[in-house]
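If you want my numbering, it's the 1-based position in the sequence shown plus 2. Ideal Cβ placement from N, Cα and C applies to all residues, glycine included. Notes to accompany the following structure.
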Amino acid sequence: MPGVRGAYELPDRAYPESIAVDPRTGDIYASSFRTGTVYRGRPGTTAAETFLPAGADGRTTANGVKVDANGRLWVIDHVRNVVYRVGAEQLADALAHGGQGGTLRDYADLGATKDPAARNPMTLNGIAADDAGEYLIVADMTDGDLYRVTTEPQPVVHRVTLTGGDALDADGLELHADTLWVVHNKGNAVSRWQLTADGTKAEPRHRVTDPALDIPTAIAHTGDRALITVSQFDKNGPYGTGTPAGFRIVEISQL
């Protein structure tokens, strides 16, 4: 795949699941599927550090992280089907105390929105925030559904109407204006969707598949760089046995 090179090394056996960029600072945040740890990488460095330790609030896995325009960090926990919110003040406090972010609080419980007759249980994964920070798009990877969650004090949750495709195996989302990118892990693919202005409907426009992505789990753009988490979930992870190489985030120049 053209233009692929290493961007950040991750500690231990991270099995990275998601990535986000804080547009104000350029800091990147990546979450661990295996432990729930959230890592932070600073601009100008190549090694990420622990930001939110595993297990501090019962969080043993973290399937999605996103920073919105208001500096809030959103974290998905697929085991409990909840979204956590970390406000700008909490982020600043964590930075002032050596990166120890403390305990997260539930923001939205999506479990009640799942159709009881659905074939598969809900498995929340990717998460994206609109440019204004007014709503989130969250993926249910098992049935390929997308959900719109408002960022109001009392969140409102609705399923997005998808026409001409689905978000099956969606493992990472990114949203800019009316364009949504969906990373499909088992398919080693990235699809591009067009959303309506209010984020309630979506149609697929393009799809790229490449085995070199090695089960990608997330995408985030910063400037002209596209950052992709390479999970290696098929190497002693949830999708297979084997020995993984060092865990990292790659940079793709042509995407």
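Item, Value
"Let me confirm a value: aspartate 142 is counted as buried when at least 16 other C-beta atoms fall within 10 Å, else exposed. Which label applies?", "buried"
"At what residues does the beta strand (DSSP E) containing serine 33 begin and finish?", "30-34"
"Short check: CB of leucine 54 to CB of alanine 32, under 8 Å?", "no"
"What residue range does the beta strand (DSSP E) around glutamine 196 cover?", "191-197"
"With three or more beta-carbon pairs closer than 8 Å as the criterion, would you say the region 12-21 touches the region 65-78?", "yes"
"Tell me, which residues are paired with aspartate 142 by DSSP?", "Leu126 and Asp147"
"When burial is assigned at 16 or more other CB atoms within 10 Å of the CB, is glutamine 156 buried or exposed?", "exposed"
"Go ahead and label glutamate 176 buried or exposed: buried means 16 or more other beta carbons lie within 10 angstroms of its beta carbon, across all protein chains shown.", "buried"
"Could you tell me if glycine 28 is buried or exposed, where buried requires 16 or more neighbouring beta carbons within 10 angstroms of its beta carbon?", "exposed"
"Decide if proline 4 is buried, meaning its Cβ has at least 16 other Cβ atoms within 10 Å, or exposed.", "Interpretation of proline 4 is limited by its pLDDT of 49, a score under 50 that renders its predicted location unreliable; the figure taken from the coordinates is listed afterwards. When all chains shown are included, proline 4 counts as exposed."
"List the endpoints of the continuous beta strand (DSSP E) containing valine 158.", "Premise fails: valine 158 is in no beta strand (DSSP E) and is neither H nor E."
"Is it buried or exposed, aspartate 216, if we count other Cβ atoms within 10 angstroms and call 16 or more buried?", "buried"
"Using a Cβ-Cβ cut-off of 6 Å (strictly less than) and excluding sequence neighbours within five positions of proline 240, which residues of its own chain qualify?", "none"
"Would you say glutamate 11 touches the ligand COA, meaning its beta carbon is less than 7 Å from a heavy atom?", "Judged by which ligands are present, the structure shown has none, so any question about the ligand COA falls away."
"Which same chain residues, not among the five before or five after valine 252, have their C-beta less than 7 Å away from its C-beta?", "Val6, Arg7, Gly8, Ala9, Ile230 and Val232"
"Please state the DSSP three-state secondary structure of aspartate 253.", "Strictly speaking, residue 253 in this sequence is glutamate, with aspartate absent from that position. Here glutamate 253 sits in strand by DSSP."
"Leaving out five residues on either side along the sequence, give the residues of the same chain with a beta carbon under 8 Å from the beta carbon of alanine 50.", "Tyr10, Glu11, Leu12, Pro13, Ile30, Ala32, Tyr41, Arg42, Gly43 and Ile251"
"So, helix, strand or coil for threonine 115, using DSSP?", "helix"
"As a quick exercise: from Glu136, Asn122, Ala134 and Gly146, pick the residue whose alpha carbon is nearest that of glycine 128.", "Gly146"
"Which residues in the same chain as alanine 16 place their Cβ atom closer than 6 Å to its Cβ, once the five residues preceding and following it in sequence are excluded?", "Ser34 and Phe249"
"Closest to threonine 115 by C-alpha separation, out of Leu75, Gly201, Pro25 and Arg150, would be which residue?", "Arg150"
"Does glutamate 19 come out as helix, strand or coil in the three-state DSSP assignment?", "strand"
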